[in-house]
Amino acid sequence: MDSLEEDLTCSVCYSLFSDPRVLPCSHTFCKSCLENLLQVSTNYSIWRPLRLPIKCPHCRSVVELPPSGVDALPSNVSLRAIVEKYQRDSEPRAPSCQEHRRQPLNMYCVQDRQLICGLCLTVGQHHGHPIDDLQAAFVREKQTPALLLARLSEQKWSQVCELGEQLEQEKARCDALLRQDRQEINQFFVSLEEVLARKKQEYLEALSEAAAEVAVTYDPLIHRVKELQEEQLDLVSLGSSVEEEDSPLVFLEKVHQFRDRVEKFIRTPLPSGINLSVTPRAATYLQQNWPAVTIGSLEQAPVPKLRCCTRCDGGIGTETGAEAEPPVTAAWDRWRRLQPTASVALLGLLLLLLAALWANPVGGASLGFSLLSRLSQLAQSLSGSLVTSVRDTMEAECAEMGAAVQRWGSQLSVLRDRVVQQVAALFKTSTSR
Numbered sequence: 001m002d003s004l005e006e007d008l009t010c011s012v013c014y015s016l017f018s019d020p021r022v023l024p025c026s027h028t029f030c031k032s033c034l035e036n037l038l039q040v041s042t043n044y045s046i047w048r049p050l051r052l053p054i055k056c057p058h059c060r061s062v063v064e065l066p067p068s069g070v071d072a073l074p075s076n077v078s079l080r081a082i083v084e085k086y087q088r089d090s091e092p093r094a095p096s097c098q099e100h101r102r103q104p105l106n107m108y109c110v111q112d113r114q115l116i117c118g119l120c121l122t123v124g125q126h127h128g129h130p131i132d133d134l135q136a137a138f139v140r141e142k143q144t145p146a147l148l149l150a151r152l153s154e155q156k157w158s159q160v161c162e163l164g165e166q167l168e169q170e171k172a173r174c175d176a177l178l179r180q181d182r183q184e185i186n187q188f189f190v191s192l193e194e195v196l197a198r199k200k201q202e203y204l205e206a207l208s209e210a211a212a213e214v215a216v217t218y219d220p221l222i223h224r225v226k227e228l229q230e231e232q233l234d235l236v237s238l239g240s241s242v243e244e245e246d247s248p249l250v251f252l253e254k255v256h257q258f259r260d261r262v263e264k265f266i267r268t269p270l271p272s273g274i275n276l277s278v279t280p281r282a283a284t285y286l287q288q289n290w291p292a293v294t295i296g297s298l299e300q301a302p303v304p305k306l307r308c309c310t311r312c313d314g315g316i317g318t319e320t321g322a323e324a325e326p327p328v329t330a331a332w333d334r335w336r337r338l339q340p341t342a343s344v345a346l347l348g349l350l351l352l353l354l355a356a357l358w359a360n361p362v363g364g365a366s367l368g369f370s371l372l373s374r375l376s377q378l379a380q381s382l383s384g385s386l387v388t389s390v391r392d393t394m395e396a397e398c399a400e401m402g403a404a405v406q407r408w409g410s411q412l413s414v415l416r417d418r419v420v421q422q423v424a425a426l427f428k429t430s431t432s433r
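For the record, in the sequence shown the residue sitting at position 195 is 195 according to the UniProt record's numbering, with numbers rising by one throughout.
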């Protein structure tokens, strides 16, 4: 049918032929289309007035029409008849049943609400169903929408509107609660972040103070060691220059000066090396103290006070010559570097030992060694990273103090013997007189 409709279509207006006329070149077009073409051709033509020229739209050849124009062209009667028959056959037909071919759907099944044929009602799946005429069913149900609308009362509408407003209010209330919770959560975690940031800053400040203490402890020693290095390099350079001197008098003078500087440099004591023990260490402290911290007690979470415990290292600097630092002075210098609390305790213990030694040198020395031994055992029994440095320092100081007490006991014994001898001699002299 599509190809037939294409053959029955005018190539000018692309519609079915209307009053088709045949040109001398045997091509067919609608009468109205040819009249429009003829009008355009006569406006731009210099053709003789007795003939009307027209160019065929299909073959592009120019043909002449009689003075009467398109009406003089013959009509294509056969083509007109074909077009009229095609138009009649193309009119829509009544739908047929898909289950029973060529059976018109001329009945309306009320139960299934669809069109059926006679076979569907008698032998098909709609057997026994109530039926009606489609138009009659349409007229009968025409008033149904108005009746249904009448059943929608104003009371029902007000109830629906009231329910809608109530739901909107409940939704707004829940949204307000959620917004309030969101603000509280943000404020809560912001406060937590502030507390954590403050604790972090306090810990970093403690570390900065410890770093400053380390710098104060080591920088003067490093500066002094660098000065000694520079002095020794100057002496090496001076020795090389003295060796190259040719004048005997100048050589002897430089040798004398060089000897004095070398002896002075050798007598200069080296600074004592210091080992700093920073306690408590961050990883150990956090692992021991912070797992038990709860959110409620976060404000009271502990931040350690870092301590740099000093301990001299005798192997770093060695002293030679007659003016080496006395052991008692070195012990006293180490004593001054102890923590304040440990210094007070050890000072009290030292005074107690001195009083015991003055009253009874032998018994006091034994008592001193006993107390020092128990103090050392007590220090060794301490555990944990927090007291490790204090324990090491106390052990070293106890050993140093034990040696000092022993020397002082022997000196006091000698002093007592001398005092006794002098008193005996004085008593003997006074008796003889």
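For glycine and all other residues, C-beta sits at the position ideal for the given N, C-alpha and C.
At least one CB of chain D closer than 8 Å to the CB of residue i: is that the case?
| i | result |
| --- | --- |
| alanine 282 | Going by chain labels, chain D is absent from the structure shown, which holds only one protein chain. |
Identify, in the order they occur along the chain, each residue of the same chain with its Cβ nearer than 8 Å to the Cβ of residue i, setting aside the five sequence neighbours on each side.
| i | result |
| --- | --- |
| proline 130 | Cys109, Val110, Gln111 |
| arginine 198 | none |
| residue 460 | Outside the shown range of the chain (1 to 433) lies residue 460, about which nothing can therefore be said. |
| glycine 164 | none |
Looking only at its own chain, which residues have a Cβ that is under 7 Å from the Cβ of residue i, when we skip the five neighbours before and after it?
| i | result |
| --- | --- |
| leucine 147 | none |
| leucine 235 | Arg261, Val262, Phe265 |
| valine 362 | Caution applies to valine 362, whose pLDDT of 48 falls short of 50 and renders its modelled position unreliable; the model cannot decide the point. |
| arginine 224 | Pro271 |
Please state the DSSP three-state secondary structure of residue i.
| i | result |
| --- | --- |
| aspartate 132 | strand |
| aspartate 313 | Because aspartate 313 carries a pLDDT of 43, less than 50, the predicted location of this residue cannot be relied on, and the following value inherits that uncertainty. Reduced to three states, the DSSP call for aspartate 313 is strand. |
| lysine 55 | strand |
| leucine 65 | strand |
| arginine 88 | helix |
| arginine 80 | helix |
| proline 95 | coil |
| cysteine 25 | coil |
| leucine 306 | coil |
| leucine 270 | coil |
Starting from residue i, trace the alpha helix (DSSP H) both ways and give me its first and last residue.
| i | result |
| --- | --- |
| serine 258 | Reading off the sequence shown, one finds phenylalanine at residue 258, where the question assumed serine. First-last of the alpha helix (DSSP H) with phenylalanine 258: 248-267. |
| tyrosine 108 | No alpha helix (DSSP H) holds tyrosine 108; the beta strand (DSSP E) holding it covers 107-109. |
| glutamine 300 | Premise fails: glutamine 300 is in no alpha helix (DSSP H) and is neither H nor E. |
| arginine 151 | 144-151 |
| isoleucine 288 | Here the sequence assigns glutamine to residue 288, which means isoleucine is not the residue at that position. It spans 282-289 - the alpha helix (DSSP H) in which glutamine 288 sits, taken as one unbroken run. |
For residue i, I'd like the list of residues in its chain whose CB is within less than 6 Å of its CB, leaving aside the five on either flank, ordered along the chain.
| i | result |
| --- | --- |
| valine 62 | Pro53, Lys55 |
| tyrosine 203 | Val303 |
| glutamate 5 | none |
Just reading off the beta strand (DSSP E) that residue i is part of, what are its end residues?
| i | result |
| --- | --- |
| glutamine 114 | 114-116 |
| serine 237 | It is not in any beta strand (DSSP E) - serine 237 instead sits in the alpha helix (DSSP H) that spans 154-243. |
| arginine 21 | 20-22 |
| asparagine 275 | 273-279 |
| threonine 9 | Where threonine 9 is concerned, there is no enclosing beta strand (DSSP E), given that its DSSP letter is neither H nor E. |
Under the DSSP definition of a beta bridge, which residues are partnered with residue i?
| i | result |
| --- | --- |
| serine 32 | Per DSSP, none; premise fails for serine 32. |
| residue 440 | In the structure as shown, the chain starts at 1 and stops at 433, and residue 440 therefore has no counterpart that could be examined. |
| arginine 60 | None, per the DSSP bridge assignment. |
| cysteine 120 | Cysteine 120 pairs with nothing; no bridge assigned. |
| leucine 16 | Thr9 |
For the stretch 138-147 and the stretch 112-126, state whether three or more C-beta atom pairs, one from each stretch, are separated by less than 8 Å. no
State whether the stretch 287-295 contacts the stretch 214-230, with contact taken as three or more CB pairs (one from each stretch) at a distance under 8 Å. no
Using 8 Å as the cut-off, can you tell me whether the stretch 71-88 makes contact with the stretch 14-26, which would need three or more C-beta pairs spanning the two stretches below that distance? yes
Between the stretch 8-17 and the stretch 80-88, do three or more beta carbon pairs fall short of 8 Å? yes
Inter-stretch contact (C-beta, 8 Å, three-pair minimum) for the stretch 26-35 and the stretch 4-12: yes
Using 8 Å as the threshold, is the stretch 291-303 in touch with the stretch 238-246, meaning 3 or more CB pairs across them? no
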